[in-house]
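If you read the protein sequences in the order shown, they are chains A and B. For what it's worth, the numbering used here labels the leading residue of the first sequence as 7, then goes sequentially. For what it's worth, the numbering used here labels the leading residue of the second sequence as 9, then goes sequentially. Built from N, CA and C at the ideal position, the CB exists for glycine as well. Below is one structure, written out as structure tokens, with a few remarks after it.
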Amino acid sequence: MTLDVRTYIVMTVLSATCSSLNTDILVEIGIMTAITLLMLISSKGSFMPKLLICYALMLLTQFVLFPVMPQTAVSLLSLPVVNIRSFFPTIMCIVLLYRNTKVSQMTATFTRMHVPKGVTITLAVAVRYIPALKEEWLHIREAMKMRNVSAGVRDPFRRMYRRLECQLVPLFVSAINTSDELSAAAVTRGIDAPATPACRNYRPLGMRDYTALFITAAVTAFCVWREYGGAA
Amino acid sequence: MLELQSVSFGYGEDMEKAPEIRGIDMSVKKGECVLLCGASGCGKSTILKTINGIIPNLIPGRLDGSVFIDEKCTDNVPMYELAAKVSSVFQNPKTQFFNTDAESEITYGLENRGMPVDVINERLERTVSDLKIESLRYKSMFEMSGGEKQRIAFASAYVSDNDIIVLDEPSANLDPEAIDEIRAVIAKMKEIGKTIIIAEHRLYYLEGIADTVLHISGGEIKKRYEAVDFYSMTEDERKELGLRKLHKNDIKLTSELSLHTEKPVLAMNGITLAYKKHIVQNNLGFEAYPGEIIGIVGSNGAGKTTLLRALAGLCKPKKGIIKYNGKALSARLRRRMCGLVMQDVNYQLFSDSVRNEILLENSVMDEQTLSSILCETGLSGLEDRHPQSLSGGQKQRLAIAAAYASGRKILLLDEPTSGLDYRSMLLVGKLLKKLSEKGVISIVVTHDTEFIESVCRRIFRLEKQ
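Here it is as structure tokens:
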């Protein structure tokens, strides 16, 4: 099952609102469970067990290890374990958006919404470039492994700097080449045509989108009420 | 249909300073297929860019002369109007798609024109059926091989129904099976009356399709051939012109098969290779003698690159052992012993000059040794150039030089000649032969039968399992 790109965007924004307002761990676990269920019934590749394991480990650290850990360690770890963890529902919504939205669908929907063409194209290229970037990053890391790029550099900071330089320079060169070639391919396919593009993949919001939006809005309203209304 | 009148182009305003192309006059009839051939940097691609409008719309510079399409000068025609007359397919399958799914990619150009959705769908169905790409239409672009991506690029040119198709080295990154597939697509395009202009290094697969061949050199058209005359030129004439082979044939090894006086040093025994949990090769084994150059061929997905990565120590074989001089090598030791020249060599050039790239892993190298390596690899005079500013062939040779300078005993090369012209291919081959004399073992994964014939002593063919 997939939802419309607009539904995923609204869910992402509202989940971020909930994450910043909510302090109740039970509500957080409830939201996580709901999103996990949505991931499970979404298209193949949406469910990310590693993300859930990471979340579970953070929960265990907070409730099992923190009470027995020295105060300094707790202070150091509380930022990643508590604050970053609370934004896991938002991260999962972004994963859902990314894994379940075709670039063409996004472009079609944004065109119908009269989002400026520049913004739509930039977003489309960014989404399309993410997997390519991952592939390039892995190739460069393998090349670095083979070349022993920091050989002879003893200072750990210089070593780190050297490794970062070696990782980023080929990546930037590749990004520049890719952008030149993508631009050439785009203009030869009429990307700058003044006509309103056809929206072959446009799909209006359906019952499942309205249901998902209603549930998300209700949970957000509950979080707002808990934070402000309940105390009044 | 298409005419170029005295077209010259140079970057910047100064046309006197070595323009990319000069005085190009050509006239192409409707339904004709024109092949542009010549060495890298001779101006083939620049001519194509003046036809599809990338020059001067996207690449600034000084353009003299005129291009006419259907007797209309394209000087002040906006790019999107040209896009509705000329379709283009480029050489790199990775960087010419926008969408993540094949169907959307094929119809992208039509959507930009604002065509009615039912017309787009009707053309999509016809294209899928004509080009026989039913198995690809619902596939993610990121799950496709280079050949499959290129077929989708051809499909998006086909669906546009434009009269002129411009192809810029479309076979550069493809294996022989994929080249056969795109040959069929080009033949189909010609059959339905499209005018095709194609720039290529690989010439054999266009035999029987091209009508006219233009030999380009130094930015000028040096000679115009009828295809029949071109494809019947002698081997000596072809080599003189610096062109890749003209006819498809089986691999015939020409390197001398000398009797080995030494024992094999590298041995792989009972190797099982897996790619993403899928076994690609079982119980593989071979031995290599000092200085041997071995070619590894086979279809896509047969595990050639996985084998190279296993040898390089970048992945572990599921089973089996790799030995050098009788001693088992761990992955870490293999990484120190092997030099890897990747298919996209841009990923492995890290320094700010050719000199520093060679000295990266061996900063204590004396000046004399450095000069000798530069000389042997044909990079003398380029010491201070930034590696990323070199040509494709020079980058390949620099990566080989860097591996050799760091004392690697085994050199692993993944498609080292893809996109290289005849002379650059010969230079890479010559370099491998020189390293062979010094005892370096080279293992080359390649689809380039011409390269295999010129340098390899033995070939292993990996079959898909």
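Review point. Thinking C-beta only, is B/ILE451 closer than 8 Å to B/LEU337?
Key: no
Practice item. Could you check the C-alpha separation between B/THR18 and B/SER35 for me, to the nearest Å? Key: Looking at the sequence itself, residue 18 of chain B is Gly, so the reference to Thr does not match. One C-alpha to the other measures close to 22 Å.
Review point. From B/ASN100, B/LYS38, B/VAL42, B/SER225, pick the residue whose C-alpha is nearest to that of B/ARG30; which is it?
Key: B/SER225
Review point. Buried or exposed: which applies to B/ASN257, given that a residue is buried once 16 or more other Cβ atoms fall within 10 Å of its Cβ?
Key: exposed
Point to revise | Every unbroken beta strand (DSSP E) inside the stretch 21 to 75 of chain B [3 residues or more] | key: 29 to 36, 41 to 45
Exercise for review: Just the C-alpha distance for B/ILE302 and B/GLY309, rounded to the nearest angstrom, thanks.
Suggested key: 19 Å
Review point. How would you label B/ILE77, buried or exposed, when you count the other beta carbons within 10 angstroms and need 16 or more for buried?
Key: buried
Practice item. List the residues of chain B whose Cβ lies closer than 7 Å to the Cβ of A/GLY196, in chain order. Key: TYR88, ALA91, ALA92, GLY117, ASN120, ARG121
Check your understanding: When the distance is taken between beta carbons, is B/THR280 closer than 8 Å to B/LYS474?
Key -> This structure gives no information on residue 474 of chain B, because the portion of chain B shown stretches from 9 to 473.
Exercise for review: Output the boundary residues of the beta strand (DSSP E) element that contains B/VAL94.
Suggested key: 94 to 97
Practice item. Tell me whether B/ILE172 is buried or exposed, calling it buried when 16 or more other Cβ atoms sit within 10 Å of its Cβ. Key: buried
Review point. Nearest chain A C-beta to B/ASN65 closer than 8 Å, yes or no?
Key: yes
Point to revise | 8 Å contact criterion, which B/LEU475 and A/VAL155 should meet: CB distance rounded | key: There is simply no residue 475 of chain B to check, as chain B begins at 9 and stops at 473 in what is shown.
**Study point:** Cβ-based neighbour list, B/THR54, same chain, cut-off 8 Å, excluding 5 preceding and 5 following
**Key:** PHE17, GLU28, ILE29, ILE63, GLY227
Point to revise | chain B contact for A/ARG160 (CB, 8 Å cutoff) | key: no
Review point. What are the start and end residues of each continuous alpha helix (DSSP H) run of 4 or more residues lying completely inside the stretch 53 to 103 of chain A, in chain order?
Key: 55 to 66, 77 to 84
Practice item. Report yes if the CB atom of B/LYS102 is closer than 8 Å to the CB atom of A/ALA138, and no otherwise. Key: yes
**Study point:** Member of B/ALA110, B/SER426, B/GLU142, B/PHE106 whose CA lies at the smallest distance from the CA of A/ARG195
**Key:** B/PHE106
Practice item. May I ask you to list the residues that DSSP assigns as paired with B/HIS223? Key: B/CYS45, B/LYS231
Review point. For the stretch 76 to 94 of chain B against the stretch 115 to 130 of chain A, are there 3 or more C-beta pairs whose distance is under 8 Å?
Key: no
Check your understanding: Is A/MET7 close to chain B, meaning its C-beta is less than 8 Å from at least one C-beta of that chain?
Key -> no
**Study point:** chain A contact residues for B/LYS324, given Cβ-Cβ distances below 8 Å
**Key:** Under the 8 Å cutoff, chain A gives no residues; its nearest Cβ is about 13 Å from B/LYS324.
Check your understanding: Of the residues that make up the stretch 339 to 350 of chain B, which ones have a beta carbon closer than 9 Å to any beta carbon in chain A?
Key -> ARG343, ARG344, CYS346, GLY347, LEU348, MET350
Review point. When you compare only the Cα positions, how much space is there between A/LYS56 and A/MET98?
Key: 11 Å
Review point. So who's on the other strand from B/LEU428, going by DSSP bridges?
Key: DSSP output for B/LEU428 lists no bridge partner at all.
Exercise for review: Leaving out five residues on either side along the sequence, give the residues of the same chain with a beta carbon under 7 Å from the beta carbon of B/VAL353.
Suggested key: LYS403, GLN404, ALA407
Exercise for review: Give a yes or no on whether 8 Å exceeds the smallest Cβ distance from B/THR103 to chain A.
Suggested key: yes
Point to revise | Residue from A/ASP198, A/ALA149, A/ARG134 with nearest C-alpha to A/THR184 | key: A/ARG134
Review point. Residues of chain A with CB under 8 Å from B/ASN181, in chain order?
Key: Those do not exist, as B/ASN181 stays about 13 Å from chain A at its closest Cβ, beyond 8 Å.
Point to revise | Short CB-CB distance (under 8 Å) between B/THR108 and chain A | key: yes
**Study point:** Reduced DSSP secondary structure (H/G/I, E/B, other) of B/GLY306
**Key:** strand
Practice item. Kindly list, in the order they appear in chain A, the residues whose Cβ is closer than 8 Å to that of B/VAL125. Key: ALA204, CYS205, ARG206
Exercise for review: Note down, in chain order, all residues in the stretch 129 to 146 of chain A with a beta-carbon under 9 Å from any beta-carbon belonging to chain B.
Suggested key: ALA130, VAL131, VAL133, ARG134, PRO137, ALA138, GLU141, GLU142, HIS145, ILE146
Check your understanding: chain A beta carbons: is any one of them nearer than 8 Å to that of B/LEU368?
Key -> yes
Exercise for review: Grab the span of the alpha helix (DSSP H) containing A/TYR234 for me, first residue to last.
Suggested key: Note, A/TYR234: premise wrong, no alpha helix (DSSP H); not H, not E.
Review point. Hey, quick one: how far does the alpha helix (DSSP H) through B/GLY400 stretch, first residue to last?
Key: 400 to 413
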